[in-house]
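There are 2 protein chains.
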Amino acid sequence: MAKTPAPRRAASARPDRKIKAKQAPAATVKPGPGGTRDYLVQDIIKRLYDGEYEPGQRLQETQLTATYGVSRGPVREALNALAAMNIVELTPQRGAQLRVLRIEEAIDTLVVAQNLIGLAARLAAQQAPDSKAGQRFRTCLEKLQTFKPDTEGSAFAVARDNFYAALTAMANNTELSRILPTVRVHLIRVQFRSLLRITDSTRLADYQKIAEAVFAGRARQAETAARAHIDRAITRLKSFSSE
Amino acid sequence: MAKTPAPRRAASARPDRKIKAKQAPAATVKPGPGGTRDYLVQDIIKRLYDGEYEPGQRLQETQLTATYGVSRGPVREALNALAAMNIVELTPQRGAQLRVLRIEEAIDTLVVAQNLIGLAARLAAQQAPDSKAGQRFRTCLEKLQTFKPDTEGSAFAVARDNFYAALTAMANNTELSRILPTVRVHLIRVQFRSLLRITDSTRLADYQKIAEAVFAGRARQAETAARAHIDRAITRLKSFSSE
DNA sequence: ATCTGTATAATGTAGGACGATATTTTGAAG
DNA sequence: CTTCAAAATATCGTCCTACATTATACAGAT
Chain A
1 MAKTPAPRRA
11 ASARPDRKIK
21 AKQAPAATVK
31 PGPGGTRDYL
41 VQDIIKRLYD
51 GEYEPGQRLQ
61 ETQLTATYGV
71 SRGPVREALN
81 ALAAMNIVEL
91 TPQRGAQLRV
101 LRIEEAIDTL
111 VVAQNLIGLA
121 ARLAAQQAPD
131 SKAGQRFRTC
141 LEKLQTFKPD
151 TEGSAFAVAR
161 DNFYAALTAM
171 ANNTELSRIL
181 PTVRVHLIRV
191 QFRSLLRITD
201 STRLADYQKI
211 AEAVFAGRAR
221 QAETAARAHI
231 DRAITRLKSF
241 SSE
Chain B
244 MAKTPAPRRA
254 ASARPDRKIK
264 AKQAPAATVK
274 PGPGGTRDYL
284 VQDIIKRLYD
294 GEYEPGQRLQ
304 ETQLTATYGV
314 SRGPVREALN
324 ALAAMNIVEL
334 TPQRGAQLRV
344 LRIEEAIDTL
354 VVAQNLIGLA
364 ARLAAQQAPD
374 SKAGQRFRTC
384 LEKLQTFKPD
394 TEGSAFAVAR
404 DNFYAALTAM
414 ANNTELSRIL
424 PTVRVHLIRV
434 QFRSLLRITD
444 STRLADYQKI
454 AEAVFAGRAR
464 QAETAARAHI
474 DRAITRLKSF
484 SSE
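Going line by line, the protein sequences match chains A and B.
Numbering (our numbering) for the first sequence: 1 to 243.
Numbering (our numbering) for the second sequence: 244 to 486.
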């Protein structure tokens, strides 16, 4: 095995990887008081999804300061927020590094997501299907079904996020609403997209099944369906981790 | 004579609650580089457990700066970290306020905690009991048992935290280890101490039962025991919320 | 070649400053 | 006297500078 080492600072160990320093000064952003940190967080996530930043890349305060035209204070706060979301890894005196999920960690995340989303489905099924949240959930499902089964890209990702968000909202559990968005399932898709593609073939049917159980008020069945859906991804990843 | 310091943003919504400012200068702390923020977080939580801070109290940066003898930077970072843990509520331009849970929110939190801790117990039971994490778990259990059944205060809270942390560590799921500490079950105890006291009578037995199942490798039983333990608190709270 | 000490770079924190904003207080109008 | 509006005040959000601490890189010694 090659060294596992975390190339500490400047990837001197692998000078090959030239992470192109951002070039776009990004026109100093100033969305208003209190919004700077959130903007940084959102933008860094966006760039990560867009491939502009890649897992493993180090995020240096000075560099971010220059990129966004803000001072170190908000930058540090944004990095702390990202660390709380498990998107970056903070090491004392070493700064922030975009997290790279080992496949085992991805499985761990999915296992937790499986439980929480299963819980959400169960709770949602116990709510009135015709409530405002229920109707929103129905709308999100229909939106999802407008996509072809093999659709890729951010449009479907957004629709899926909305689907889960609506499911969570319908569950009507404040703590669940707080905690579920911090489980960064999407990071897994960013990193393991190719491995998971196959499991996507049945996803629309899965969503349908979950929704039907929810609307029928069958809590247990809704939970089972949700868990089964995520279980496909887990199984798929496991088959690669054991190789 | 100038009137009392005119509390700036006195909780206008509830002016009744008299909050006394802390007085202990707390001797400037300097645990080393990188440790300042964590120390602040831990100490604020500790004071909350000890009743020195109470839910609803506002935490002002200037005041914390004076109390701990650190600058605003680390204070702000600590407050952000506490917000990520849902211990304080941050409002733009209004600062931090120790969170007050409505009883329904407390129940929501316990429901989520029930699932996650149940998951932790199940996973832990599937691990080797003699592993390093297993031994640590055993140690934490023994430590817990040294407390009298009706113990109150931060010492027991810390021991219980360690117990759950050890259980989680034994579960060997990185995502669970990240997410479970952000579910602040103990805040509920701080706020609803009187309502939950009765359920405390059996807690030591509950912990024992969980640990036994874990060490015996009975995953299902471990999960059930963990869920049952938290279910007591949920039931208790529900009986008050429906009144 | 490996080890060791120094130089360099980046983080962690301090402290001061200023604009923006929420709250309180003051003042005016009814 | 009550109600509403404007001024006063306190606190937050951000910027800036500075310095100590610490990890890394590099050069020199063994």
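For glycine and all other residues, C-beta sits at the position ideal for the given N, C-alpha and C.
In the displayed model, A:ARG58 falls within a strand according to three-state DSSP.
The three-state reading of DSSP puts A:GLY95 in strand, counting E and B together.
Taking 8 Å as the cut-off, the beta carbon of A:ILE179 is found no closer than this to the beta carbon of B:VAL428. The three-state secondary structure of B:VAL331, taken from DSSP, is strand. DSSP, reduced to helix, strand and coil, places A:ASN80 within a helical segment of the structure shown. Between the C-alpha atoms of B:ARG403 and B:VAL354 there is a straight-line separation of about 18 Å. In the three-state DSSP reduction, B:GLN369 falls in the coil class, being neither helix nor strand. The C-beta of B:LEU302 comes no closer than 8 Å to any C-beta of chain A.
Residue-level contact by beta carbon fails for A:LEU187 and chain B, as no gap is shorter than 8 Å. DSSP, read as helix, strand or coil, puts B:THR394 in coil.
Here the alpha carbons of B:GLU347 and B:ILE431 stand approximately 11 Å from one another.
Minimum Cα-Cα distance from B:GLY396 among the listed residues B:LEU291, B:VAL284, B:ARG461 and B:ARG470 corresponds to B:LEU291. Under the Cβ criterion (8 Å, minimum of three pairs), the stretch 334-342 of chain B counts as touching the stretch 292-302 of chain B.
Closer than 8 Å to the CB of B:ALA327 there is at least one CB belonging to chain A. Taking the C-beta atoms as reference points, B:PHE435 is found no nearer than 8 Å to B:ALA356.
The three-state secondary structure of A:ASN115, taken from DSSP, is helix. Near chain B, meaning a CB-to-CB distance below 9 Å, no residue of the stretch 146-166 of chain A qualifies.
Among the CB atoms of chain A, none fall inside 8 Å of the CB of B:ALA454. Scanning its chain for C-beta atoms nearer than 8 Å, with the 5 sequence neighbours on each side dropped, one finds around B:LYS481 the residues ILE350, in chain order. For A:ARG236, the enclosing alpha helix (DSSP H) has its first and last residue at 219-241. Apart from the 5 residues on each side of it in sequence, A:ILE234 sits with its Cβ closer than 8 Å to the Cβ of ILE107, LEU110, VAL111 and GLN114 in its chain, given in chain order. Listed in chain order, the alpha helix (DSSP H) runs fully inside the stretch 392-450 of chain B are 397-414, 417-422, 428-434 and 436-439, counting runs of at least 4 residues.
Residue B:LEU333 holds the alpha-carbon nearest to the alpha-carbon of A:GLY35 among B:LEU333, B:GLN378 and B:TYR450. From the beta-carbon of B:ALA412, no residue of chain A is found nearer than 9 Å; the closest lies around 13 Å away.
Contact annotation: B:ASN416 and B:GLN370 have beta-carbon atoms that are not nearer than 8 Å. Between the beta-carbon of B:ALA364 and that of B:ALA465 there is about 4 Å, and that keeps the pair under the 8 Å contact cut.
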